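Going by this note's numbering, the sequence shown wraps up at 448, each residue one higher than the last. For glycine and all other residues, C-beta sits at the position ideal for the given N, C-alpha and C. From a predicted model like this one, the values you see are computed outputs, not experimental measurements. Presented below is the structure to which this report refers.
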Amino acid sequence: MFQSKLSGFQERIRKYAFCILSSRIGLALVLVTAAAQMAHAQGGGPSPADTAVTDLDFYLGQALQNSPLLKDYHNQVLIGEVDSQLVRASYRPQVNGNSTNIYAPSIHGWGYDQAISNGGNFTTVAAVTKTLVGREHLDAQYETIRLQNQGRDNSAKVSEQDLKKSITAQYIITYGDLQQLTFNRDIYDLLQKESTLLKDLTEKNVYRQTDYLAFLVTLKQEALLLQELTIQYRNDHGTLNYLCGIVDTAATALQAPGIELQSLPDVTRSVFFRQFHLDSLTLRNSRSLIDFSYRPKANLYADAGYSSSLMYEPYKNFGVSFGVTLSVPIYDGHQRKMQYSKLDIAERTRSGYKDFFTRQYSQQIAQLSQQLKATEDLIGQINDQVHYSQTLIEVNGKLLETGDAKIADYILALNNYLNAKNLLTQNNITRLQIINQINYWNR
6 MFQSKLSGFQ ERIRKYAFCI LSSRIGLALV LVTAAAQMAH AQGGGPSPAD
56 TAVTDLDFYL GQALQNSPLL KDYHNQVLIG EVDSQLVRAS YRPQVNGNST
106 NIYAPSIHGW GYDQAISNGG NFTTVAAVTK TLVGREHLDA QYETIRLQNQ
156 GRDNSAKVSE QDLKKSITAQ YIITYGDLQQ LTFNRDIYDL LQKESTLLKD
206 LTEKNVYRQT DYLAFLVTLK QEALLLQELT IQYRNDHGTL NYLCGIVDTA
256 ATALQAPGIE LQSLPDVTRS VFFRQFHLDS LTLRNSRSLI DFSYRPKANL
306 YADAGYSSSL MYEPYKNFGV SFGVTLSVPI YDGHQRKMQY SKLDIAERTR
356 SGYKDFFTRQ YSQQIAQLSQ QLKATEDLIG QINDQVHYSQ TLIEVNGKLL
406 ETGDAKIADY ILALNNYLNA KNLLTQNNIT RLQIINQINY WNR
């Protein structure tokens, strides 16, 4: 009798405990579902159904269009064209109107010596001057400006490559965030689907309630991770807009970058090497300008107008004058030789930078190519691991429906699948970044 009462009392305690635990499980499920809904409501990442889709070309075009640095280089080239016109104009005849009027009175014998001042001097003339310069000298000055413009144009091309590289790198990062976000959203949807089934099986005592609580913890963690990935994606997308000069805080869905490995030109014909060639031409042209500066210089002069001291028949003092000035360098303390020495030092410096760049270029391309091959080999192995993990999840999922698998085994298989997929995404992003670094040198 006592034993039967005790058994009935224990049964009532178990039912009471089950009710309490069931209510806590239900509350946990409600909290998890609410957290997930909040993640979606706060922006669970872009969805192709309701979000605009943009690609890499769009952001590259915006960045190139909005870049103030590229506009600056373009304007500098235009300024160089004006400089050429200024050089040409400076060697044309220069016409000026000059007027000098001096009166030197003598009062009671006080004043300047009349033999010197003539009592005054009044001159108003139109003067024409022209510097005589050889065609070769003029061409050398034009060559200076032309080389400067070519250097600016080459710098603009290098800056364009820098901009494309940085925009592409940020696009790849943001696209990787989107891949992670999409994958984890799919995982969360799968867990929600399994949650309803496992709850029913737990209420039927097929699974222990503690196992089901462990599953809910995993579901909650996935919901939090979904929120974290959403924040990361929006931040990186905002950085992408910032780099491109786009004023927009909305996140769009990104297409796959579609980056392919491009063939590289010979290093000596690339824009990165061209600057060394331009520097060599500039030094050679500077030597020519030094030589021209030591040649004789001649200037022609002519004027016409009125010049008089007003001492005698001032109305007849209208006339003209013309002449030539000649300057011949004789001795300047061997400055020409010193300037040659400066150019020789600059040439050695240029040659050193060129050789070092060539070695660095070869080493970097070889290292990146090696890293790309290793990454692609690793991706192949990870793909196999993802396939095995996905198969294991599918098998465990079917066994869960019949109660023939442990929830802990399902969670373990799910974690292995998550780790493999995350590793695959990271290495795919790494591969794209390596290709982006190699393609940087393709111009």
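Could you compute how far the alpha carbon of Thr215 sits from the alpha carbon of Leu221?
10 angstroms
Across which residues does DSSP place Gly310 in a beta bridge pair?
Val130, Gly324
Local conformation of Lys411 per DSSP, three classes
coil
What is the DSSP secondary structure of Thr275, reduced to helix, strand or coil?
Reading the sequence as shown, one finds Ser at residue 275 and not Thr. Residue state, collapsed to three classes: coil.
Mind checking who Lys135 pairs with in its DSSP beta bridge?
Leu305
If we count the other Cβ atoms within 10 Å of its Cβ and call it buried at 16 or more, is Ile84 buried or exposed?
exposed
In three-state DSSP terms, what is Ile335?
Note: Ile335 maps to coil in three-state DSSP.
Can you name the residues that DSSP bridges to Trp115?
Ile112
Cα separation between Asn103 and Ser95?
19 angstroms
Would you grab the beta carbon distance between Asn322 and Ser312 for me? Rounded to a whole angstrom, and I think it's under 8 angstroms.
6 angstroms
Taking CB distances under 8 angstroms as the criterion, tell me whether Pro334 reaches chain C.
The structure shown contains no chain C, having only a single protein chain.
Check this for me: beta carbons of Ile150 and Ser89, under 8 angstroms apart or not?
Their beta carbons are under 8 angstroms apart, which means Ile150 touches Ser89 by this criterion.
Can you name the start and end residues of the alpha helix (DSSP H) that Pro73 belongs to?
73–95
Are there three or more Cβ pairs, one per stretch, closer than 8 angstroms when the segment 303–317 is compared with the segment 121–137?
Touching, per the Cβ criterion.
With which residues is Leu259 paired in a DSSP beta bridge?
Thr59
Among Lys225, Leu288, Ser374, Val133, which has the Cα closest to the Cα of Asn441?
Ranking the options by Cα distance to Asn441, first place goes to Ser374.
Where does Gln368 sit, in a helix, a strand or coil, going by DSSP?
In the structure shown, the three-state DSSP call for Gln368 is helix.
Span separating the alpha-carbon of Gln47 from that of His242:
With a pLDDT of only 44 at Gln47, under 50, the local geometry of the prediction cannot be trusted, and no value is derived from it.
Leu405 and Glu199 look like a contact to me (Cβ under 8 angstroms); what is the Cβ gap, rounded to whole Å?
7 angstroms
Nearest-angstrom Cα distance between Tyr21 and Leu203?
With a pLDDT of only 42 at Tyr21, under the threshold of 50, the placement of this residue in the model should not be trusted, and no figure is reported.
Return the residue from the list Gly66, Ile295, Asn304, Tyr299 that minimises the CA-CA distance to Lys170.
Gly66
Touch test, the segment 153–172 against the segment 60–78, Cβ-Cβ under 8 angstroms, three pairs minimum
yes
Roughly how many whole angstroms lie between the Cα atoms of Arg300 and Leu91?
22 angstroms
Helix, strand or coil: which one does DSSP assign to Val329?
Residue state, collapsed to three classes: strand.
Classify Ile264 as helix, strand or coil using the three-state DSSP reduction.
coil
Three Cβ pairs or more, each shorter than 8 angstroms: is that satisfied between the segment 415–424 and the segment 395–405?
yes
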